[in-house]
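So the sequence lines, in the order shown, correspond to chains X and S.
Residues 20 to 319 (the working numbering) are what the first sequence spells out, left to right.
Residues 108 to 424 (the working numbering) are what the second sequence spells out, left to right.
Here is the structure we will look at.
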Amino acid sequence: MDLLAVILVDGLIYGAWLFIVSVGLTLTFGVLNILNMAHGGLYAIGAYTTATAVGIYFANGGDAFPLGSYAVMVFAALLVAVVLGPLLERGLLRHFYDRDHVVIVLVTYGIFLILEDVMKLIWGVTPLFVSEPYSLLGNVEMGPLFYVTYDFLVIGVAIVAGLAVWYVLNRTRQGKVVLAVIHDREMSRTMGVNVNKVFMVSFMAGVFLAALGGALTAPMISVSPGISVNVIILAFAVVIIGGLGSIEGAAIGALFVGIARAASVHMLPAAELFIIYLVMAAVLVFRPEGLFPKTEARKI
Amino acid sequence: MTNSRLFVPLSCVLIFSVLVGIGFIIPQWAMFLATMALAKGLVALGIVILMRAGLVSFGQGLYFCIGAYVSGLMANWTGITDIVLLSILGVLVSVILAAICARLLSGYRGIFFAMLTLSLSMILYGALSKMSIIGGTDGLNVSAPTFLGYAPEGRALGFSLYFYTCLVSVIAGGLIRVYFNSERGLTTLAIRDNELRVEYLGSSVKSAISSGYIMAAAVGGLGGVIAGLAIGHVDPEYAYWTTSGEFVFVAILSGFFSIGAVFASSIVLEVVRSFSNLYFPNTWQLVLGVFLLIVILLLPNGLGSLFSKRRRKGGSE
Chain X
20 MDLLAVILVD GLIYGAWLFI VSVGLTLTFG VLNILNMAHG GLYAIGAYTT ATAVGIYFAN
80 GGDAFPLGSY AVMVFAALLV AVVLGPLLER GLLRHFYDRD HVVIVLVTYG IFLILEDVMK
140 LIWGVTPLFV SEPYSLLGNV EMGPLFYVTY DFLVIGVAIV AGLAVWYVLN RTRQGKVVLA
200 VIHDREMSRT MGVNVNKVFM VSFMAGVFLA ALGGALTAPM ISVSPGISVN VIILAFAVVI
260 IGGLGSIEGA AIGALFVGIA RAASVHMLPA AELFIIYLVM AAVLVFRPEG LFPKTEARKI
Chain S
108 MTNSRLFVPL SCVLIFSVLV GIGFIIPQWA MFLATMALAK GLVALGIVIL MRAGLVSFGQ
168 GLYFCIGAYV SGLMANWTGI TDIVLLSILG VLVSVILAAI CARLLSGYRG IFFAMLTLSL
228 SMILYGALSK MSIIGGTDGL NVSAPTFLGY APEGRALGFS LYFYTCLVSV IAGGLIRVYF
288 NSERGLTTLA IRDNELRVEY LGSSVKSAIS SGYIMAAAVG GLGGVIAGLA IGHVDPEYAY
348 WTTSGEFVFV AILSGFFSIG AVFASSIVLE VVRSFSNLYF PNTWQLVLGV FLLIVILLLP
408 NGLGSLFSKR RRKGGSE
């Protein structure tokens, strides 16, 4: 198997993972106009909740039906979304909607800091391991290399998640209402749309996607404090490359970054640490607002 | 209040003497804390300059790091330990780099400006981490500074550094206050409101933003030199995004009306962090986060709005 193919497969796997952790961020930005720094924290909470839930599942006779652990993972992500989504959006964020963009970023940074320590208080600082779901599906042989089948499951989930978000937004009634709110909040409100509800549900969807990213990642890593920090910046980079608020953009941005990173790991390992930022800077130089920017009227 | 020509220099002298006076009383740990807070305040001041134009740089760590590395490398390679010379060099390197970056950055607004500055600083972080010749992720030690030939030790060193930091902070603060009140400085406030109008009125938005960015880099580099010398060690973490985030934190905390508030916020943050580190070692981030939310909620225009009633009322936009 030649180098190019290896880079492509690795890049695809990494890109799919990146897409899952960043699509929620772009969705939240698209609808609520909030760049959510707490996204990384929500991702980590998803990972922790999954680690706990899957651990409980296997401790209580889950071995008889190990595939059920995948359902448990999705359920854990849903739980995080249902509990934290309304709490953060209704309880905190809505008080800041009329404030400056940057202030809201700082608010979510505050939430991020709080979540960091809350996680330590709940789960402690010892790493958690739940590798069962990772090894469950065995390996795939591709030429001389073996890939873990789970990695391809991640690609599948990324595709399903992307298509689902796209379908809901563009092909359903509720999705069209959301698009209307994105386009003009005030006008939608006068047309009888419950904008607050749209905000809350969209934010919950964003939280769910973040937590789902964490849930999928939990079996692959040791879940420990600090996993959230890098994810924020990775997700930011992907979303910025794609153009804020664009789902297609996030997908292409994730692929871009995934392949660039895989290429750098195989060909130029020294650059691995900052290749993402290099890609981001390069894209922004040529496309100042990302690949798929939102068009906005100039206000004089 | 600010009408008199003498107001800025007089208040600078007053603040400087108060700061130095405090330096005689406080214990050494507090002096170190104050030195660091002022050094970081200088960097945050740079963000405030840009904030007045409605831009937030999430990458001032870049210049903080460059200043610190210049002082470290110069001391190690050439044996220059004079703090004045190191400051000039640090500022010079920062300004040159900023002049190059400004050409690119001045075309960006909002979150794109923030992310581009962030990525520049992270590229430096990644590059420094991999350069084993200058210590890689371990960084390198910086020898103690000398002050125009005077080479103090122990408490005298701490005090000299504190004295120097107060001096440059007050001078930088005074100069920037003069800039804020100047025509060009006021143009940046207009850019924040509506840059298209500024263009129509015949001012160049790009050049105003570029010069603001270069000034921000200069104070950032200066803060870095001092921080590097005060800690005695530099590592790539100086350019990491969380370091830059801290500066933004200070800038938001202070708001963009008062320069004194920037340094005050920096000291407040440093104190809150040190004490919550001491008393709540496992939950200091929680304390910091709650503190941040409370400030944003209760003081929309930052700590600076406490100092002036007029600004508290009508200064938001």
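Backbone N, C-alpha and C fix where the C-beta goes; we use that ideal spot for every residue, glycine too.
| Check | Outcome |
| --- | --- |
| Measuring only between beta-carbons, confirm whether residue 319 of chain S sits less than 7 Å from chain X. | no |
| Kindly identify the DSSP beta-bridge partner or partners of residue 254 of chain S. | S:257 |
| With burial defined as no fewer than 16 other Cβ atoms inside 10 Å of the residue's Cβ, what is the status of residue 103 of chain X: buried or exposed? | buried |
| Between residue 233 of chain S and chain X, is there a C-beta pair that is closer than 7 Å? | yes |
| Please say whether residue 197 of chain X and residue 207 of chain X have beta carbons closer to each other than 7 Å? | no |
| Which residue spans inside the stretch 119-191 of chain X form an unbroken beta strand (DSSP E) run of at least 3? | 158-161, 164-167 |
| Between which residues of its own chain and residue 189 of chain S is the CB-CB distance below 6 Å, once the five residues before and five after are set aside? | 253 |
| Using DSSP with H/G/I as helix, E/B as strand and the rest coil, what is residue 303 of chain X? | helix |
| Any C-beta of chain X within less than 7 Å: which residues of the stretch 137-165 of chain S qualify? | 163 |
| Any residues in the stretch 130-141 of chain X with a beta carbon nearer than 9 Å to a beta carbon of chain S? Which ones, in chain order? | 130, 131, 132, 133, 134, 135, 136, 137, 139, 140 |
| How big is the Cα-Cα spacing for residue 383 of chain S and residue 377 of chain S? | 10 Å |
| Could you check which residue in S:139, S:228, S:150, S:305 has the C-alpha nearest to that of residue 328 of chain S? | S:150 |
| Measuring only the C-alpha atoms, how far is residue 122 of chain X from residue 185 of chain S? | 44 Å |
| Less than 8 Å between the CB atoms is what I'm expecting for residue 273 of chain S and residue 123 of chain S, so what's the real figure, rounded? | 6 Å |
| So, is the C-beta of residue 33 of chain X closer than 7 Å to a C-beta in chain S? | no |
| Does the contact criterion of 3 or more C-beta pairs under 8 Å hold for the stretch 348-365 of chain S versus the stretch 225-235 of chain S? | yes |
| What are the start and end residues of each continuous alpha helix (DSSP H) run of 4 or more residues lying completely inside the stretch 137-206 of chain S, in chain order? | 168-184 |
| Taking Cβ-Cβ distances below 7 Å as the criterion, which residues of the stretch 200-225 of chain S are in contact with chain X? | 211, 214, 215, 217, 218, 219, 222, 223 |
| To the nearest angstrom, report how far apart residue 258 of chain S and residue 322 of chain S are at their CA atoms. | 30 Å |
| So which residues on chain X does residue 248 of chain S lean against when the C-beta distance must stay under 8 Å? | In chain order: nothing, as chain X lies at least about 23 Å away. |
| Quick check: is the beta carbon of residue 167 of chain S nearer than 7 Å to any beta carbon in chain X? | no |
| With a threshold of 7 Å between beta carbons, is residue 206 of chain X in contact with chain S? | no |
| What does DSSP give as the partner residue(s) for residue 248 of chain S in the beta ladder? | S:340 |
| Looking only at its chain, what residues have a beta carbon closer than 8 Å to the beta carbon of residue 275 of chain S, apart from the 5 residues adjacent to it on each side? | 149, 194, 329, 333 |
| Assuming residue 70 of chain X contacts residue 173 of chain X under a Cβ cut-off of 8 Å, what Cβ separation, rounded to an integer in Å, is found between them? | The pair is not a contact, with the Cβ atoms about 17 Å apart (cut-off 8 Å). |
| Report the rounded CA-to-CA distance for residue 170 of chain S versus residue 77 of chain X, giving the unit in angstroms. | 51 Å |
| Can a CB atom of chain X be found closer than 7 Å to the CB of residue 238 of chain S? | no |
| Let me see if you follow: with CB-CB separation under 7 Å, is residue 504 of chain S close to chain X or not? | Outside the shown range of chain S (108 to 424) lies residue 504 of chain S, about which nothing can therefore be said. |
| By alpha-carbon positions, which one of X:287, X:185, X:280, X:141 ends up nearest to residue 390 of chain S? | X:141 |
| Between which two residues does the alpha helix (DSSP H) containing residue 375 of chain S stretch? | 366-386 |
| For residue 251 of chain S and residue 265 of chain S, I'd like the C-alpha separation in whole angstroms. | 10 Å |
| Taking contact to mean at least 3 C-beta pairs separated by less than 8 Å, is the stretch 206-217 of chain S in contact with the stretch 286-300 of chain S? | no |
| Nearest chain S C-beta to residue 92 of chain X closer than 7 Å, yes or no? | no |
| Evaluate residue 236 of chain X with the Cβ neighbour count: other Cβ atoms within 10 Å of its Cβ, from every protein chain shown; 16 or more gives buried, anything less gives exposed. | buried |
| Pick from X:281, X:258, X:299: whose alpha carbon is nearest that of residue 313 of chain X? | X:258 |
| Return the CA-CA distance between residue 326 of chain S and residue 249 of chain S, expressed in angstroms with no decimal places. | 20 Å |
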